[in-house]
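Under the UniProt record's numbering, the first residue of the sequence shown carries the number 14, and numbering increases by one thereafter.
Have a look at the structure below, then the notes.
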Amino acid sequence: DLTAPLRVLICDEMNPGNLDFPGFELEYEGNLPREETLRRLPDFDALITRSRTKVDKELIDAAGPRLKVIGRGGVGVDNIDLDYASLRGLLVLNAPESNNVSAAELAVMHLMAAARGLTRSDAKTRAGNWDRKFLGLELKDRTLGIIGLGRIGSMVADRAQGLKMNVVAYDPYVPDSKFERLGVKRMITLDELLAQVDAVTVHTPLTDETLGMLGQAELAKLRPGSIAVNAARGGIIDEQALVDALRSGHLFAAGIDVFVDEPPTPEHIFLHAPNLGITAHLGANTVEAQERVGAEIVGRVLAALKGDVSRGA
Ligand code: MLT
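In structure tokens form, the structure reads like this:
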């Protein structure tokens, strides 16, 4: 029926903005339980998610033939089984730019919080321990190593330069001209970066290549007293290796916004690690980013559905 509206299900928390588009029916369900998503999906032409919903084989199979487009309200598409989606002829779209500033600002926040002991001082002060002996570190003139100089990594570089840090980066996929434009010194190898930084922050997608990229051996190559930040994807800095490096005192402190398994269980090693500041995958969670992400992904998904030739155009 070519006159029937095209239906879009938004099953994760976001600000979808305007839902009123002629010819479309958009349904927003902030936190739809997985069983409900599986049950209702056969009646939709597109699904829009954030990272909470795993778009795996089970979900794609449950969708059936009507589903044509999967929209990811954010940058990373690691929650989507891309091979299986393409096997089933699904178009996968993301919102690559809308939340970049927010992600970069959160990474810088973690860097500063780690340098100044924000979370440990907060916890101690609340526990009645007015500890003014703690000495933090100034970031000015220290060297920040950015792994992944894409959109977000570049914004982190610019902000860190604003803090008067020296910025170096490792990214084999980015041309020299970009390093030059940003005033960032290129590191040819990861080891070269690790050996000369005071703080490291990762801004890569999660892939086979980046999973565990900073493990025990790599963290050991950092100078004693360094800081590590992961506001990208859980596991790019190996979780156990990070905790070991914090416990041994090799790392001064760290900041983490992402876990391998989200949400973490109460036993998760991060929750009991010293000198580690934690946020709950909040990199994209600002008023501004969520407004932009919602508009960007809804716009891209509707455009794709409109252009769908299988509707007999
Ligand atoms: C992203 O990849 O953009 C983030 O994970 C966004 C989100 O929090 O959903």
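A virtual CB, placed ideally from N, CA and C, is assigned to each residue, including glycine.
Exposed unless 16 or more other CB atoms sit within 10 angstroms - verdict on residue i
i	result
residue 316	exposed
residue 241	buried
residue 229	exposed
residue 44	exposed
residue 41	buried
residue 123	buried
residue 313	buried
residue 58	buried
residue 265	buried
residue 66	buried
residue 223	buried
residue 48	exposed
residue 192	buried
residue 68	buried
residue 80	buried
residue 190	exposed
residue 201	exposed
residue 309	buried
residue 33	exposed
residue 148	exposed
residue 136	exposed
residue 21	buried
residue 326	Because residue 326 sits at a pLDDT of 34, beneath the cut-off of 50, its placement in the model cannot be relied upon, and the following sentence gives the value as read from the coordinates. Result: exposed.
residue 89	buried
residue 320	exposed
Within 9 angstroms, strictly: CB atoms of residue i and residue j
i	j	result
residue 158	residue 95	no
residue 121	residue 105	no
residue 73	residue 103	yes
residue 183	residue 203	yes
residue 271	residue 246	yes
residue 86	residue 63	yes
residue 128	residue 151	yes
residue 100	residue 244	no
residue 170	residue 197	yes
residue 254	residue 232	yes
residue 217	residue 180	no
residue 55	residue 84	no
residue 307	residue 132	no
residue 153	residue 178	yes
Rounded distance between the beta-carbons of residue j and residue i, thought under 8 angstroms
i	j	result
residue 260	residue 286	7 angstroms
residue 249	residue 284	Residue 249 to residue 284, Cβ: 19 angstroms. No contact.
residue 282	residue 256	5 angstroms
residue 37	residue 19	5 angstroms
residue 288	residue 267	7 angstroms
residue 252	residue 273	6 angstroms
residue 176	residue 91	Not confirmed; about 30 angstroms, so no contact.
Under 8 angstroms, with one C-beta from each stretch per pair, do the stretch 164–173 and the stretch 130–141 reach the 3-pair mark?
no
Start-end ranges of the alpha helix (DSSP H) lying completely within the stretch 214–258, minimum 4 residues
229–234
Cβ pair count under 8 angstroms reaching 3, the stretch 106–119 against the stretch 293–302:
yes
Segments of 4+ residues assigned as alpha helix (DSSP H) that fall wholly inside the stretch 70–116:
70–76 and 95–100
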